[in-house]
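Q: Just so we're aligned, residue 15 is where the sequence shown starts under my numbering, counting upward by one.
Beta carbons are placed, not taken as given, at the ideal position from N, Cα and C, and that holds for glycine.
Take this structure, written in structure tokens, and hold onto it; I'll ask about it next.
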Amino acid sequence: MTVSRKFNEKKTVSVLGVDFSGGQPKAGVDEGPFQMIEFGILDQIKELGWGVEFDGSFPNYKKLVPVEDPDIGNMKHPRAVSNVTRALARHVRDSAMKGNFALSLGGDHSIAIGTVSGTAAVHDDFCLIWIDAHADINPVAETTSGNLHGCPISFLIDGINKSAVPEFEWVKPCLTPDRLVYIGLRDVDIPERRIIKELGIRAFSMHDVDRHGIGKVVEMALDHVNPHRNRPIHLSFDVDALDPTVAPATGTPVRGGLSFREGHYICEAIAETGLLVAMDMVEVNPTLGSDESLLQTVTVGCSLVRCALGETLL
Numbered sequence: 015m016t017v018s019r020k021f022n023e024k025k026t027v028s029v030l031g032v033d034f035s036g037g038q039p040k041a042g043v044d045e046g047p048f049q050m051i052e053f054g055i056l057d058q059i060k061e062l063g064w065g066v067e068f069d070g071s072f073p074n075y076k077k078l079v080p081v082e083d084p085d086i087g088n089m090k091h092p093r094a095v096s097n098v099t100r101a102l103a104r105h106v107r108d109s110a111m112k113g114n115f116a117l118s119l120g121g122d123h124s125i126a127i128g129t130v131s132g133t134a135a136v137h138d139d140f141c142l143i144w145i146d147a148h149a150d151i152n153p154v155a156e157t158t159s160g161n162l163h164g165c166p167i168s169f170l171i172d173g174i175n176k177s178a179v180p181e182f183e184w185v186k187p188c189l190t191p192d193r194l195v196y197i198g199l200r201d202v203d204i205p206e207r208r209i210i211k212e213l214g215i216r217a218f219s220m221h222d223v224d225r226h227g228i229g230k231v232v233e234m235a236l237d238h239v240n241p242h243r244n245r246p247i248h249l250s251f252d253v254d255a256l257d258p259t260v261a262p263a264t265g266t267p268v269r270g271g272l273s274f275r276e277g278h279y280i281c282e283a284i285a286e287t288g289l290l291v292a293m294d295m296v297e298v299n300p301t302l303g304s305d306e307s308l309l310q311t312v313t314v315g316c317s318l319v320r321c322a323l324g325e326t327l328l
């Protein structure tokens, strides 16, 4: 199909380092962005012919975390997550308004409340491709853990959270079920299974990857959320979508995940559409595992970003 819209003509990436871990209980994931910067992701992006907007500093989202943040119902750290994601949404929006590609390096996956909201503020017809072992669509009233990295999509689709959450009133539902697709699922909670079925959300589990192969799965995913290949794409990639043998330094690893090549193929194929406008790379946790496992995970994270920005094997 012919792409009828042009994105990324400016060929500039706004790199947003999101040093935040409040959406889950394990410390250290807020150090993920620093490690990717230290590993040289900025120069790697430049070598692909992109300009980079990054002034050498982070917005320091940690300063937005309140001293006291008591639970609200099941939700843990709700004010911290709200404050950080609201600020991040503005930063992503501002990058998109300049015609830049918004690259958000997390941090935990709760940051997607902000990144996706920021993309939607400029590209209101966008679609969301969610690469993850987990569906992250738990209603806040039904999450058993209370960790908001398992709930971000519930804020983005109207009607999933039945009761208003005052702390998140700034979040406007910006996503419809037909514009969301999952790839790589293998650890899905019971409420999430119900919602995916009720809303008819297209979800490709690892069973589907095994059955069809990753090439066919990506083609079917794109055909569903972007049938005319004219919608801007937001790619949200949790490194735990990969098998722990590929990316071990992450907080919620689940065996039986995507292989090294399957993860890279997803990014390569989406890059080939010319429609990718934003990407999240999240849940790299430098404090989990050995120095070797950290290097392996950060290396893979940087490689996935490069593929999403057009790096090819030949």
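1. Please say whether Q49 and N161 have beta carbons closer to each other than 8 Å?
2. Using the C-alpha atoms, what's the distance from K186 back to D172?
3. Can you round the beta-carbon distance between G36 and A94 to whole angstroms, since I take them to be within the 8 Å contact cut?
4. I'd like the ranges of any beta strand (DSSP E) spanning at least 3 consecutive residues and lying wholly in the stretch 204-288.
5. Is the beta carbon of P92 sitting closer than 8 Å to the one on E183?
6. Just mark T133 as buried or exposed, buried being the case when its beta carbon has 16 or more other beta carbons within 10 Å.
7. What does the alpha-carbon distance come out to for the pair Q58 and A178?
8. Using CA atoms only, rank isn't needed, just tell me which of V27, P246 and D252 is closest to C141.
9. Count the other C-beta atoms from every protein chain shown that fall within 10 angstroms of the C-beta of L328, then say buried if there are 16 or more, exposed otherwise.
10. Can you have a look at P241 and say buried or exposed, based on whether 16 or more other CB atoms are within 10 angstroms of its CB?
11. Please give me, in chain order, every unbroken run of the beta strand (DSSP E) with length at least 3 that falls completely inside the stretch 33-87.
12. Does the beta-carbon of M15 have 16 or more other beta-carbons within 10 angstroms, so that it is buried, or is it exposed?
13. Residue range of the beta strand (DSSP E) that L189 falls in?
14. Which residues in the same chain as N152 place their Cβ atom closer than 7 Å to its Cβ, once the five residues preceding and following it in sequence are excluded?
15. For the beta strand (DSSP E) containing V179, name the first residue and the last one.
16. Assign S131 to buried or exposed, taking buried as 16 or more other Cβ atoms, counted over all protein chains shown, within 10 Å of its Cβ.
17. At 4 residues or longer, what runs of the alpha helix (DSSP H) sit wholly inside the stretch 85-141?
18. Kindly list the residues whose CB is nearer than 7 Å to the CB of M89, restricted to its own chain and excluding five residues on each side of it in sequence; keep chain order.
19. With 16 other CB atoms within 10 Å as the buried threshold, where does H278 fall?
20. To the nearest angstrom, how far is the alpha carbon of S71 from that of R208?
21. Applying the 10 Å Cβ sphere with the 16-neighbour rule, what's the burial state of T311?
22. Would you kindly report the start and end of the unbroken alpha helix (DSSP H) that includes A12?
23. With DSSP run on the structure shown, which of helix, strand or coil describes G315?
24. Do you know offhand how far E306's Cα is from E212's?
25. So, helix, strand or coil for D305, using DSSP?
26. Helix or strand or just coil, what does DSSP make of L328?
27. Quick one: using the 10 Å Cβ neighbour count with 16 as the cut-off for buried, is R320 buried or exposed?
28. Measure the Cβ-Cβ separation of M293 and G315 and say whether it is below 8 Å.
29. Measure the CB-CB distance between V119 and L30 and report whether it falls below 8 Å.
30. Does the count of Cβ pairs from the stretch 104-112 and the stretch 74-82 closer than 8 Å reach three?
A: Let me lay it out:
1. Taking C-beta atoms as the reference points, N161 and Q49 fail to come closer than 8 Å.
2. Those two C-alpha atoms are separated by around 8 Å.
3. 4 Å between Cβ atoms; contact.
4. Complete beta strand (DSSP E) runs here, min 3: 216-219 and 247-252.
5. Not closer than 8 Å, so no.
6. Classification for T133: buried.
7. If you take the alpha carbons of Q58 and A178, they lie about 43 Å apart.
8. Nearest C-alpha to C141: P246.
9. Of the other Cβ atoms in all chains shown, fewer than 16 fall within 10 Å of the Cβ of L328; this residue is therefore exposed.
10. That one is exposed.
11. Secondary structure remark: continuous beta strand (DSSP E) runs of at least 3 residues inside the stretch 33-87, in chain order: 65-67.
12. Unreliable placement is indicated for M15, whose pLDDT of 40 sits below 50; the coordinate value is still reported in the next sentence. Exposed, by the Cβ-count rule.
13. First-last for L189: undefined, no H or E at that position.
14. If you ignore the 5 residues before and after N152, its C-beta comes within less than 7 Å of the C-beta of G164, C165, S168, D203, P205 and E206, all in its own chain and listed in chain order.
15. Bounds of any beta strand (DSSP E) do not take in V179, whose DSSP letter is neither H nor E.
16. Burial call: buried.
17. Fully enclosed alpha helix (DSSP H) runs of no fewer than 4 residues occupy 92-111 and 126-136 of the stretch 85-141, in order along the chain.
18. Result list for M89: V154, G160 and L162, in chain order.
19. By the 10 Å Cβ count, H278 comes out buried.
20. The alpha-carbon atoms of S71 and R208 are separated by roughly 42 Å.
21. Here T311 is buried. Its C-beta has 16 or more other C-beta atoms within 10 Å.
22. Shown here, the chain extends from 15 to 328; a query on residue 12 therefore has no answer.
23. Per DSSP, reduced to three states, the secondary structure at G315 is helical.
24. In this structure, the CA atom of E306 is about 43 Å from the CA atom of E212.
25. Of the three classes helix, strand and coil, the one that applies to D305 here is helix, per DSSP.
26. In the three-state DSSP reduction, L328 falls in the coil class, being neither helix nor strand.
27. Looking at its Cβ environment, which holds 16 or more other Cβ atoms inside 10 Å, R320 is buried.
28. No.
29. The residue you asked about is not Val; residue 119 is Leu in the sequence shown. For L119 and L30, yes; Cβs fall inside 8 Å.
30. Segments in contact, no.
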